[in-house]
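Below: one structure, written as C-alpha cells.
Residue numbers (the numbering used here): 1 to 144.
Shown next as C-alpha cells:
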C-alpha cells in the first residue's frame, strides 16, 4: 500500500480503525515504534570485540487521543481488560491519507489491548475541549 513521492505527507490526515469498535476520529496517535534488543556474544577464543546478535523485539505502547464525545466504547473496551476478558484483544489499523483522503501508508497493530484510560483534566476557566486518552499495548506492528 505504501505510496512513495518526492515530498513528505502531512501528519494531520489519518484514520484509526479498531476491529469491532465504532470509534470516532482521533486528534493524535503516538508511539508507533519498535526496537530490537542486542545480545552481545563472545567465545573465549575470539577477538576482544563481541558479536552482536538480535534478541527480543519490543514495541512501544500506542496512545490515542480524542475529544470527549459522550461515547463509552473505549471505556467499555478498557473494562473488558480490567475484568480479565480473554477476548479483549483487537486489531488496530492507522491509515495515513493524502490530500485527496486516499490511503498511502498503513500501520497495523496485532492483539492490541488498552492498558490505560485517561479522562482529561476539567477546568472551569479553560478554553480547550475535554479529551480522553487510551494507551494500548500490542504484540506486533506491521507497516505497508
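C-beta atoms are modelled at their ideal positions from N, C-alpha and C, and glycine is treated no differently.
Is it buried or exposed for residue i, if we count other Cβ within 10 angstroms and need 16 for buried?
i: residue 5; result: exposed
i: residue 74; result: buried
i: residue 29; result: buried
i: residue 125; result: exposed
i: residue 114; result: buried
i: residue 149; result: Residue 149 lies beyond the stretch modelled for the chain, which goes from 1 to 144, so this question has no answer here.
Check whether the Cβ atoms of residue i and residue j sit closer than 8 Å, and answer yes or no.
i: residue 2; j: residue 144; result: yes
i: residue 105; j: residue 141; result: no
i: residue 52; j: residue 36; result: no
i: residue 138; j: residue 57; result: no
In angstroms, rounded to a whole number, what distance separates the CA positions of residue i and residue j?
i: residue 59; j: residue 94; result: 16 Å
i: residue 81; j: residue 65; result: 19 Å
i: residue 136; j: residue 87; result: 15 Å
i: residue 67; j: residue 9; result: 24 Å
i: residue 41; j: residue 121; result: 49 Å
i: residue 69; j: residue 129; result: 10 Å
i: residue 117; j: residue 134; result: 5 Å
i: residue 44; j: residue 50; result: 10 Å
query = For the stretch 43-110, which segments carrying the alpha helix (DSSP H) assignment without a break, of at least 4 residues, lie completely within its bounds, in sequence order?
reply = 73-82
ask   = Touching or not, the stretch 17-34 and the stretch 83-91, by the rule of three or more beta carbon pairs under 8 Å?
value = yes
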